[in-house]
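Chains as they are written, first to last, in this note's numbering: chain F, 109 to 629; chain E, 167 to 491; chain Y, 2 to 317. Report on one structure; see the data block that follows.
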Amino acid sequence: MILRNSAIGIAMLATTSVQAADFKWASTTDPQTMDPHAVNSAPVLGFLNNVYEGLVRRDKDMSVQPALAVSWEPIGEGDGWRFKLREGVTFHDGSTFDAQDVLFSYQRASGEAADTRSWFAPVSEVIVVDDYTVDIMTTAPNPLFPSSIANWMIMDQGWTEANDAAVPDKEAGNFATINANGTGAFKVTEREPGLKTVLEPHEGWWGDVEHNITRAEFNPIQNPATAVAALLSGDVDMINPVPIQDVARLQEDGDVEVIQGIEARVIMLGFDHEAETLKYTDDAGKPNPFRDPRVRKAVAQAVNVDAILATIMRGNAEAASQLVSPAMSGYSSAHAERPAFDVEAAKALLAEAGYADGFSFGLKCPNDRYLNDEAVCQAVVSMLAQIGITAELDAMPVRNYWPELREDNYDMYLLGWSPGTFDAEHPVRFLVATPNEEKKLGSWNFGGFSNARVDELLPAIQSELDQTKRQAMLDEVTQIIQDEQVYVPMYVQPLVWGTRSNIELTQRPDNFFLLRWVTVN
Amino acid sequence: MFAYIVRRMLQSVIVLLVVGLVAFSMFRFVGDPIDNMLGQERTQADIDRLRTELGLDQPIPVQYYKFLKEAVQGNFGVSYRQGRPVSTIIAERAPATLELAFVSGFLAITMGIALGVFTAIRRQGVAANIIMTVSLIGVSLPTFLIGILLIYIFSVELDLLPSFGRGETVMIGNWSTGFLTTSGLKALILPAITLGLYQMTLIMRLVRSEMLEVLRADYVRFARARGLSDRVINFRHALKNTMVPVITITGLQLGSIIAFAIITETVFQWPGVGLLFINAIQFVDIPVMAAYLMLISVMFVTINLIVDLLYYAIDPRLRVDARAT
Amino acid sequence: MTDTIETPSAPTKSRFSKFWDSDFAWSFRHSPVAMIASLVVLILVLSAIFAPLIAPYNPFDPASLNLMNGFTPPGTPNAFTQDTFLLGTDDQGRDVFSTILYGMRISLFVGVSAVLLAMIIGIVLGLAAAYFGGWIETLIMRVADVQLTFPAILVAMLIFGIAKGVTPPEYRNEMAIYVLIIAIALSDWVQFARVVRGAALVEKNKEYVQAARLIGRGSFPIMFRHILPNVLSPVLVIATISLALAIIAEATLSFLGVGAPPTQPSLGTLIRIGQGFLFSGEWWILFFPACTLLALALSVNLLGDWLRDALNPKLR
């Protein structure tokens with residue numbers, strides 16, 4: 109927090125930047141705040157990773173690497189973690205980074221008003237050992253802790269307090285909502301919420317500069333067709349996402365390139381496991397067939413995922429066998445098979461369960477949340493019709509969708525899940541564990557699935573330090589989920605970005621776009 | 167007269183209050199802001215806490231009363247999405263919409279009157295009939311499709327005009343204008359055409375039919391008999407007399423300019439209040455929705471009031487009628 | 002359309018309608034535009050009504066769809082299934098031709114019902130306002146102000162939102178179309194009411210109404226028997242133009258996400274879906290529904306245009 113002469117920083121920039129380059133990019137949503145602790149959502153965290161930094165950060169391949177901490181080691185037998193901090197780091201306003209800022213950011217990010225406080229549920233205490241050493245104590249052994257705080261961004265205590273922003277205020281906003289002062293490679297120089305945000309390189313950044321951007325401008329563009337037009341006409345240099353159907357067209361265009369990757373998000377069908385009766389169509393009031401695992405299996409076998417991938421996703425996605433994609437840690441390679449598409453087998457299962465004549469029910473679906481979500485649901489409806497069960501589709505914007513699911517207004521629904529920790533434990537905790545408000549378990553398990561063995565294994569998985577034992581338990585959970593067909597995982601949603609061909613960049617699997625990996629040729 | 171104005175204004179205030187109440191009771195059905203505001207890892211406790219903080223757990227009349235109490239002091243609350251005062255946001259966005267509305271309105275009126283006069287004078291001509299038919303195409307396709315087609319032709323295929331946004335803007339005081347830069351002016355063309363097309367067709371047809379009626383009126387026939395030239399008849403007499411209904415209708419049509427601006431702004435990512443409103447709906451940003459609807463209502467009720475008062479002043483027959491109301 | 006034109010002339014054989022009939026027919030015979038437009042409307046309406054007989058597929062039956070047929074270009078066999086479709090298929094493998102026919106049914110049903118509803122509300126309220134005057138008139142005209150205050154699309158969006166909220170969930174999908182009708186009608190009745198009220202105010206003080214009143218006829222019979230026929234021609238013109246507007250409003254609402262359900266798409270929903278494929282090369286998914294909508298709305302508009310001129314006695 110000692111103000112430092114920034115002349116050194118400017119001198120450094122003069123030697124590193126090879127050529128000046130302007131860069132413009134667009135995405136569907138504007139990050140709603142510049143406050144890294146106020147909103148825990150992908151658009152905000154992804155954007156702010158350019159501006160703020162955490163103790164650790166993720167590399168191009170998602171591996172964890174040092175950022176504001178140079179090294180870390182466990183304390184005792186899983187009592188916590190000791191972080192050695194980087195020296196000589198400055199915030200955008202020139203003040204120096206030290207251990208007090210880490211403690212302050214912990215208090216800020218874990219406080220009542222912070223949206224990020226669930227990240228710190230395992231933390232019991234943060235101790236400043238010296239100016240550049242911090243101990244973070246945990247209540248139980250927590251092997252994954254360092255990688256779970258990659259998005260915990262450090263703010264400058266002096267700047268934040270001087271501007272009355274010591275507590276994040278999501279509802280009323282404060283100085284940190286539209287201004288930012290991080291240690292990241294870029295600083296915010298202009299911010300008009302919903303219109304544009306301008307970033308410029310931070311001259312005093314501690315890292316090696318790999319980019320050649322002198323000014324970057326972000327514009328939200330909502331209508332996908334408009335965004336594609338903007339890219340094709342060169343009004344922007346990069347868009348995220350590219351509508352799946354436009355991939356081929358963009359690939360043909362010589363001035364534009366498409367960058368594809370597999371995202372972490374698995375798209376699946378969910379069921380109501382608890383309700384005694386169906387709630388929709390003429391069959392409303394009749395016993396709920398989805399409580400029978402055979403019926404859920406029949407659904408899994410009736411959905412022709414390959415056809416969805418070939419047509420609606422145009423070969424840009426991969427089928428999913430479980431709740432996480434193979435790229436995630438803890439993925440169970442022993443259970444990589446997904447139920448074969450087999451209409452006859454599905455009909456046989458239905459008959460066995462006593463529904464040979466089929467039934468009808470309500471399928472809920474968002475129409476602005478996942479790539480081509482509405483089209484996928486329509487396809488599911490016609491595929492289920494082949495085995496004699498009639499789904500009545502109700503597709504709606506996501507603003508109506510979550511309340512609907514929370515109030516149990518569905519017989520079957522579509523859900524996408526992206527594990528924030530990039531680990532297979534995450535969906536088990538949120539989607540499969542028996543809902544328990546107190547323990548913060550199963551908060552997205554709308555259908556109320558409950559399995560004693562899963563509930564028993566989950567805490568063991570969370571504290572197991574031995575990777576082999578941990579994987580064995582995750583394999584067992586995956587086995588249960590597949591046997592019970594708790595969900596019908598369909599495919600892993602693709603990441604599709606479009607760039608002008610003179611742009612080189614890196615697409616990270618979590619869909620975060622980092623300017624420090626951009627080169628404008 | 168004075169009593170009439172007072173009564174009329176009182177009625178307008180009641181209208182505004184009713185509009186507000188309707189708006190407030192409908193927000194609940196637009197969706198739930200809570201999910202957008204809390205992340206993936208929210209718990210039921212978080213949801214309840216936030217709902218109480220925002221006052222969403224209170225009955226609608228109470229919420230409405232609180233809104234009104236603040237609104238009369240010029241305080242429209244803070245946007246859920248942006249965390250900034252709604253009045254600031256609207257003040258930032260208004261210039262974009264007003265400039266767009268102004269340009270498209272101007273285009274619609276000039277082109278509409280010119281083409282209307284032309285098609286009226288050459289009523290049986292081939293060109294006039296073609297114009298009449300072609301102009302209908304503009305109102306026979308949804309606005310969003312026209313906008314997307316224009317983008318496809320003029321920015322993607324021909325690469326002549328920008329596909330989105332306002333281009334470079336210049337700040338004059340608190341007003342950001344796109345009129346002073348080349349990119350700003352270029353950016354205006356496609357959205358202005360998209361937005362103005364419907365109004366232009368409407369004005370053109372109105373001018374044409376009014377002209378046709380006037381041209382058949384006795385006094386025009388007398389003028390012709392007196393040997394006045396066609397030009398003088400067409401422009402000095404006929405056109406002048408068509409202006410009153412044209413101006414009235416155009417004034418009332420401001421409503422559809424604002425409504426269609428919502429769609430035009432969405433298609434062109436035009437940073438005006440229409441886009442703000444659409445974003446607010448998507449995010450269930452109640453303070454922004456409420457402020458937008460109230461502002462629009464105030465605007466319309468005022469326009470209605472002025473139109474009525476003008477009529478009252480102009481047309482003596484209505485005074486009898488007004489006494490009855 | 003032809004129905005609506007003929008009905009009003011049939012029951013009341015007033016001086017006006019006799020005069021109107023003959024002249025009307027003459028005008029029609031001498032307007033090629035009107036004849037072509039009504040022919041197009043007739044063809045489209047008939048093919049919509051008889052869609053189940055004409056269409057080769059039933060796109061509303063999910064069991065008949067094969068996703069692998071998706072994105073088949075017009076007249077070319079599909080790469081997987083070798084099936085051929087006249088106008089190609091959309092992303093779900095639905096035959097575009099059949100979907101247009103079925104979609105037009107929904108668009109026309111929504112449009113016609115919305116205009117009829119708006120007309121009924123507008124005429125009743127307009128006549129009531131003019132005839133009764135006093136606080137009834139004030140109330141009705143102020144409600145109309147409220148309505149005008151909210152731009153039509155906004156009104157429709159609000160009603161759609163409210164209706165979605167108050168309908169029991171199991172009926173919501175069936176309700177969607179009726180909600181659309183009510184929403185469009187409620188955003189549209191004011192112009193009918195204003196015209197009817199204006200015209201009725203003029204008629205109200207004419208001798209024949211006064212006379213009818215003197216011989217002891219009740220209020221409502223007077224209004225319907227005497228005033229109504231005289232305001233019918235402007236109402237008819239507005240109705241025609243409104244029909245085109247209502248069909249397009251449905252499409253616009255669909256773009257804003259409040260349209261017919263995707264499993265039973267209207268023309269507007271088809272266009273909303275199709276515009277997503279504008280850049281990707283599957284032009285037929287947008288092009289054919291858009292052309293159909295254009296043909297329908299344009300013909301109705303042209304008819305309305307001709308009606309306006311033909312029914313305006315000042316233009317003869």
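For every residue, glycine included, the Cβ atom is placed at its ideal position computed from N, Cα and C.
Less than 6 angstroms between C-beta atoms, sequence neighbours within five positions excluded: which residues of the same chain meet that for residue i?
i	result
A221 (chain F)	V275, P276
F256 (chain Y)	R273
T498 (chain F)	S468
S218 (chain F)	R225, F228
Y266 (chain Y)	According to the sequence provided, residue 266 (chain Y) is Pro. The question's Tyr does not apply to it. Correct list, in chain order: G104.
Identify, in the order they occur along the chain, each residue of the same chain with its Cβ nearer than 7 angstroms to the Cβ of residue i, setting aside the five sequence neighbours on each side.
i	result
A353 (chain E)	P328, G331, R332, G333, G344
P254 (chain F)	V164, V172, W180, W189
A177 (chain Y)	A261, P262
N475 (chain F)	D481, E482, A503, M504, P505
A189 (chain E)	A456, L459
G423 (chain F)	L417
D450 (chain F)	Q409
When every heavy atom of the ligand SAM is checked, does at least one fall within less than 7 angstroms of the C-beta of residue i?
i	result
P57 (chain Y)	Summarising the ligand content, the structure contains no ligands, and the ligand SAM is consequently not present.
Does the Cβ of residue i have 16 or more other Cβ atoms within 10 Å, making it buried, or fewer, making it exposed?
i	result
V283 (chain E)	buried
D451 (chain E)	buried
M337 (chain E)	exposed
M36 (chain Y)	exposed
C473 (chain F)	buried
H31 (chain Y)	exposed
V246 (chain E)	It should be pointed out that residue 246 (chain E) corresponds to Tyr in this sequence rather than to Val. Buried, since its Cβ has 16 or more Cβ neighbours within 10 Å.
G312 (chain F)	buried
N412 (chain F)	buried
F530 (chain F)	buried
Within the same chain, show all residues whose beta-carbon is closer than 8 angstroms to that of residue i, passing over the 5 residues directly before and after it, in chain order.
i	result
T347 (chain E)	G333, E334, T335, V336
A493 (chain F)	A499
| request: May I ask you to verify whether the segment 534 to 543 of chain F touches the segment 557 to 568 of chain F, counting CB pairs closer than 8 angstroms and requiring at least 3? | output: yes
| Taking Cβ-Cβ distances below 7 angstroms as the criterion, which residues of the segment 60 to 77 of chain Y are in contact with chain F? | P63, A64, L66, L68, M69, G71, F72
| field | chain E contacts from the segment 268 to 290 of chain F (Cβ-Cβ distance under 8 angstroms) | value | D277, K278, E279, A280, G281, N282, T285, I286
| task | Tell me the start and end of each unbroken alpha helix (DSSP H) in the segment 396 to 476 of chain E that is at least 4 residues and wholly inside, in chain order. | result | 406 to 434, 439 to 449
| request: May I ask you to list, following chain order, the residues of the segment 363 to 379 of chain E that have a beta carbon less than 8 angstroms from some beta carbon of chain Y? | output: R371, S375, L378, E379
| query | Taking any Cβ of chain F, which residues in the segment 267 to 288 of chain Y have a Cβ under 9 angstroms from it, in chain order? | reply | I274, Q276, G277, F278, L279, F280, S281, G282, E283
| message | Between the segment 210 to 219 of chain E and the segment 426 to 434 of chain E, can you find at least three pairs of beta-carbon atoms closer than 8 angstroms? | response | no
| chain E contacts made by the segment 296 to 313 of chain Y, where a contact means CB separation under 9 angstroms | A296, L297, A298, L299, S300, V301, N302, L303, D306, R309, D310, N313
| task | Inspect the CB distances between the segment 238 to 254 of chain Y and the segment 40 to 49 of chain Y and report whether three or more fall short of 8 angstroms. | result | no
| said: Quick check on the DSSP output: what are the complete beta strand (DSSP E) runs of length 3 or more inside the segment 326 to 397 of chain F, in order along the chain? | reply: 346 to 348, 364 to 379
| request: Spell out a yes or no on whether the segment 297 to 306 of chain F and the segment 319 to 327 of chain F are touching, meaning 3 or more CB-CB pairs, one atom from each, closer than 8 angstroms. | output: yes
| task | Counting only runs of 3+ residues fully inside the segment 275 to 329 of chain F, write out the beta strand (DSSP E) ranges in chain order. | result | 294 to 300, 304 to 309, 323 to 328
| task | Name, going along the chain, the residues of the segment 83 to 114 of chain Y whose beta-carbon falls closer than 8 angstroms to a beta-carbon of chain F. | result | D92, Q93, G94
| Given a limit of 7 angstroms on CB to CB distance, which residues of the segment 309 to 325 of chain E reach chain Y? | T309, F310, L311, I314, Y318
| task | Output, in sequence order along the chain, the residues in the segment 338 to 357 of chain F whose CB is closer than 8 angstroms to any CB in chain E. | result | A338, L340, S341, G342, D343
| task | May I have a chain-ordered list of the alpha helix (DSSP H) segments no shorter than 4 residues that lie completely inside the segment 41 to 66 of chain Y? | result | 52 to 55
| field | At least three beta-carbon pairs within less than 8 angstroms, the segment 58 to 67 of chain Y to the segment 86 to 96 of chain Y | value | yes
| said: Three Cβ pairs or more, each shorter than 8 angstroms: is that satisfied between the segment 616 to 624 of chain F and the segment 143 to 157 of chain F? | reply: yes
| field | Secondary structure, beta strand (DSSP E): runs of 3+ residues fully inside the segment 144 to 230 of chain F | value | 164 to 166, 172 to 174, 177 to 183, 188 to 193
| query | Curious, which full-length alpha helix (DSSP H) runs of at least 4 residues does the segment 452 to 498 of chain F contain? | reply | 481 to 494
| query | Quick one: complete alpha helix (DSSP H) runs, 4+ long, within the segment 257 to 283 of chain Y? | reply | 268 to 276
| message | Going residue by residue through the segment 276 to 331 of chain E, where are the continuous beta strand (DSSP E) segments of at least 3 residues, counting only ones entirely within it? | response | none
| Residues of the segment 179 to 203 of chain F with Cβ closer than 9 angstroms to any Cβ of chain E, in chain order | none
| query | Does the count of Cβ pairs from the segment 388 to 402 of chain F and the segment 174 to 190 of chain E closer than 8 angstroms reach three? | reply | no
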